[in-house]
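Protein chains in written order, with UniProt numbering: chain A, 1 to 275; chain B, 1 to 227.
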């Protein structure tokens, strides 16, 4: 029985992070491919009952969930090249950037690829702002981790494939060489470093998935957008109502109504403005 | 011996600001507490945390460290006085970090959602989600504490700090919403833990008193209605 198992998905950047880390440390593992869109295995649901997501690392029968938690666990458990720096301040900075990548960059960049209309424009602006911040951290460095790849480089993996490929397909230009020379250079270095070169994600398979997705998204049409504000007790609700449709041969058919609601108490609104 | 030129930028009502303060208390590290003026952000804050512009920020010497749980880990790694905040075993550390992430990403947003819920049914639904989360955390407590008083064992640890900082907000939400969230019958271990955590030497002086926090919330509501 393998000591180390990884429940993952070939298409998931979070799952790929763990594979990179395990290979970096030279750890032998069994990869269990999960069909995350259709049917998750009973074992995955058993080992990650809270989130029911990949990746899950199983080490000596004990499950570890959440990709960033797993990365730190791998670094602490196995010898080999360090994933996190040794210095406490450098570690705090690495953790900060990794959180920034996952909480801000990734969602904005994903939306920039796959939303439509005004939402997409807003996401592109946001993504550009976040990428500018990232570009700034690369001053004088080959990798985010310095001379060799570290946790931030591993976490930033989604940029190289999961953002650049859709960017090409969809045909917008957010991450260009002109606007982000350092990030572009980083991507080249990252894709060319031995650990990534020897274990690339399946580019053709990813491209096919993104192409199919793009075709589905581009058939979507924004029909109507409405904003309404309601006040109930002390709570202010702002609702954005978006009606989307799909272009068919002869017509555009209403396929969905999305309501995006932001509610807050007047007191929270003030607190938000403060800190 | 690490330099003790430590500042915390924050505000007394913020649960996130409590976290590094508890950690510094555990390590017996003196610090200067610089309270941000409510409704504005100081130049020092904007300079130290340009990305998020949020509290807490710890400034150690000249170096700013941001994000409350990252600061707690930094404190644990720099000072070995007091006791260790993170567990010593890598697997236990991973479990603590997993639950801390869950608390920040899912549980606390759920608690905030109660006050935003429109109508009694929505409030009840939001409350049930929070209670369901507490049931999960009760189970985590049993596994992590291994029969002792805290998630961290004999002494307060990372996960105690991650969850405990929200106890005052939890109580205020219960009182203002007239609902019970932390139930002695549903989550007996957490119920007992809450009392022990709140009265711990490292916690009691930095945890806002419920009455004071509730008054603070009421003043804000009154101010907003007047304007």
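Built from N, CA and C at the ideal position, the CB exists for glycine as well.
Small disclaimer: the values here were computed from a predicted structure and weren't measured.
The beta carbon of residue 153 (chain A) lies closer than 7 Å to those of 143, 144, 145, 190 in the same chain, with the five residues before and after it left out. Around the beta carbon of residue 181 (chain A), fewer than 16 other beta carbons sit within 10 angstroms, so the residue counts as exposed.
Taking all protein chains shown into account, residue 53 (chain B) has fewer than 16 neighbouring C-beta atoms within 10 Å of its C-beta and is therefore exposed. Taking 8 Å as the upper bound on Cβ-Cβ separation, chain A lies near residues 60, 63, 65, 66, 67, 70, 71, 73, 74, 77, 78, 90 of the region 59-90 of chain B.
Partner residues in the beta bridge of residue 64 (chain B), as assigned by DSSP, are B:59. Taking residue 116 (chain A) as reference, the option from A:27, A:237, A:218, A:32 with the minimal CA-CA separation is A:218. Straight across, the Cα-Cα distance linking residue 184 (chain A) with residue 177 (chain A) is about 6 Å. Within chain A, the C-beta atoms nearer than 9 Å to that of residue 97 (chain B) come from 66, 68, 69, 72, 73, in chain order. When C-alpha distances from residue 78 (chain A) are compared across A:114, A:50, A:25, A:113, the shortest belongs to A:25. Chain B places no beta carbon closer than 8 Å to that of residue 25 (chain A), leaving this residue out of the contacts.
Annotation: the continuous beta strand (DSSP E) that includes residue 35 (chain B) extends over 32-35.
In the three-state reduction of the DSSP assignment, residue 5 (chain A) falls in the strand class. Contact between residue 156 (chain B) and residue 150 (chain B) holds: CB atoms are separated by about 5 Å, below the 8 Å threshold. Burial state of residue 34 (chain A) is buried, judged by a 10 Å Cβ sphere holding 16 or more other Cβ atoms.
When C-alpha distances from residue 201 (chain A) are compared across A:16, A:195, A:55, A:246, the shortest belongs to A:16. When only Cα atoms are considered, residue 91 (chain B) and residue 47 (chain A) end up about 14 Å apart. When the alpha-carbon of residue 55 (chain B) is set against those of B:16, B:135, B:193, B:188, the nearest one is in B:16.
In terms of Cα proximity to residue 87 (chain A), the closest of B:86, B:75, B:93 is B:75. The criterion of a C-beta distance shorter than 8 Å is satisfied by residue 112 (chain A) and residue 124 (chain A).
Within chain B, the residues 102, 136 have their CB atoms less than 7 Å from the CB of residue 50 (chain A), given in chain order. Per the Cβ contact rule, the region 33-49 of chain B is not in contact with the region 186-202 of chain B (fewer than 3 Cβ pairs under 8 Å). DSSP places residue 177 (chain B) outside any beta strand (DSSP E); the residue lies instead in the alpha helix (DSSP H), whose first and last residues are 167-177.
Taking the CA atoms as reference points, residue 4 (chain A) sits about 11 Å from residue 32 (chain A). If the five residues before and after residue 226 (chain A) are omitted, its C-beta is found closer than 7 Å to the C-beta atoms of 241, all from its own chain and listed in chain order. In the DSSP assignment, residue 182 (chain A) falls within the unbroken alpha helix (DSSP H) covering 181-192. Our two residues, residue 82 (chain B) and residue 10 (chain B), have alpha carbons roughly 23 Å apart in a direct line. Neighbours of residue 29 (chain A) in chain B, taken as residues whose beta carbon is under 7 Å from its own, are absent, since the nearest beta carbon is some 16 Å off. At a cut-off of 8 Å, the C-beta of residue 91 (chain A) has a neighbouring C-beta in chain B. In this structure, the beta-carbon distance from residue 208 (chain B) to residue 168 (chain B) falls below 8 Å. Interface annotation, residue 201 (chain B): not in contact with chain A, CB-CB separation never under 8 Å. Boundaries of the alpha helix (DSSP H) harbouring residue 90 (chain B): 90-102, taken from the DSSP string. Cβ neighbours of residue 93 (chain B) within its own chain (closer than 6 Å, five residues either side excluded): 86, 87.
Shown here, residue 218 (chain B) sits in a helix according to DSSP, grouped into three states. Following the DSSP letters along the chain, one finds residue 203 (chain B) in no beta strand (DSSP E), marked with neither H nor E.
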